[in-house]
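The number in this note's numbering is simply the position in the sequence shown, starting from 1, with 949 added.
The C-beta atom is built at its ideal place from N, Cα and C for all residues, glycine as well.
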Amino acid sequence: MNERNRFIRQAELVPQEPLLDLKVTVIGVGAIGRQVALQLASIGVLHLQLIDFDLVEFTNITTQGYLAEDVGSCKTAATKAAVEKICPEMFVEQIQDRFRSRHKIGEAIFCCVDSISARAAIWRSVSNGCQFFVDGRMLGEVIRILAVDGRDPNNDYASTLFNQSEAHTGRCTAQSTIYTANIAAGLMLHQFTRWLRKIPVDQDVTLNLLASELNPVC
C-alpha cells in the first residue's frame, strides 16, 4: 500500500508534489512552533528542520503541548520524536541552538520566536534567499500572522520589526494557551498551502479571539 495515499482527503488543498523535495525550517519550537511542526508532519512535509536552544519545562506541558515525559529534554528532540510518529518517512534535522546566519536553512521558513529582535535578525539573514516566510506572533488571545511570498517583490514585513523597546513588556508568549497556539499554527499553515497552490498569501492577518475579530490584509 502506498503510504502517500493517507493524504488523499487533503490532496486538493495541499498539493503533495511540491512537498517531495521542499525543505521546511521551523525556527523556535515553543508554543506556536511545536504545533506548526506537528501540522507540517500531518500534511506531508518530508524534510523538516527544527531550530531551538531550549529545554522542555513543566509549564510547557499545558501551553505548548509537550508531554510529561519530555520535561528536561531538548525541545527539538522531543518534537522530532513526535513528528516522526505522525510521518515515519520524514527526515528531521534538529539544531539545538539559537538561529545563526551560518545555518543552512530551508526554502520555506516558519519563524516562531518570541522577540522582535530575534525576528529582525532572522529576517536580515534569510530575506534574500527564502521562497516563503511566515511569522507567527501571539499575546494572550490575540494572534498576528505575517506571510511573505518570495515570488512577490512587494512586501511590507520589515516595517513590522519595530524596536524591541516598543514591544509589550515580557515575551510575546508570556500569556498563552494551547488552543491559541494551535489556531496560530493553523493560520500559518494556511498561508503556506496558499503559497504551494500559487494563491496570493495574506501579508498580515490579525485574529482577536476574545473580540471575535479577524482582519486580513492582502
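Q. What is the DSSP secondary structure of Asn1077, counted as helix, strand or coil?
A. coil
**Q.** Enclosing alpha helix (DSSP H) for Arg1093 [first to last residue]
**A.** Run containing Arg1093: none in the alpha helix (DSSP H); it sits in the beta strand (DSSP E), 1091 to 1098.
Q | Best match in Lys1147, Gly1078, Gly1135 for proximity to Ser1050 [C-alpha to C-alpha] | A | Gly1078
Q: Confirm, please, whether the CB-CB distance from Glu1090 to Leu1158 is below 8 Å.
A: yes
Q.
Using 8 Å as the cut-off, can you tell me whether the region 1000 to 1010 makes contact with the region 1147 to 1156, which would need three or more C-beta pairs spanning the two stretches below that distance?
A. no
(Q) Cutting at 6 Å between CB atoms, please list the residues of its own chain near Ile1092, excluding the five before and the five after it. (A) Ala1133, Leu1156
(Q) For Met1087, tell me which candidate among Thr1012, Val1032, Phe1141, Gln965 has the shortest Cα-Cα distance. (A) Thr1012
Q: Note the first and the last residue of the continuous alpha helix (DSSP H) segment covering Asn1131.
A: 1127 to 1145
Q | Supposed close pair Trp1072, Ala1107 - CB separation, criterion 8 Å | A | 7 Å
**Q.** Classification of Glu961 by the beta-carbon crowding that lies within 10 angstroms, buried from 16 upward
**A.** exposed
Q. Taking all protein chains shown into account, do 16 or more other C-beta atoms lie within 10 angstroms of the C-beta of Leu1163, making it buried, or fewer, making it exposed?
A. exposed
Q) Got a sec, what are the start and stop residues for the beta strand (DSSP E) Thr1155 sits in? A) 1153 to 1157
(Q) Rounded to whole angstroms, what is the Cα-Cα separation between Ile1046 and Asp1019? (A) Going by the sequence as given, residue 1046 is Asp instead of Ile. Taking the straight line from one Cα to the other gives about 18 Å.
**Q.** Minimum C-alpha distance to Ile1058 - residue among His996, Ser1125, Ile976
**A.** Ile976
Q. So who's on the other strand from Met1087, going by DSSP bridges?
A. Ile1092
Q. In chain order, what residues of the same chain have a beta carbon less than 7 Å from the beta carbon of Thr1118, not counting five sequence neighbours either side?
A. Note that Thr1118 scores a pLDDT of 49, beneath 50, so its modelled location is shaky; the value from the coordinates is reported in the next line. So no residue of the chain qualifies.
Q) Taking the alpha carbon of Thr1028 as the point to measure from, which residue in Leu971, Leu989, Ala1069 has its own alpha carbon closest? A) Leu989
**Q.** Ordered list of beta strand (DSSP E) runs contained in the region 1028 to 1063, each at least 3 residues
**A.** 1040 to 1044, 1057 to 1060
Q | Inter-residue Cα distance where the pair is Val994 and Ala1160 | A | 34 Å
Q. So, using beta-carbon positions, are Phe1081 and Cys1060 closer together than 8 Å?
A. no
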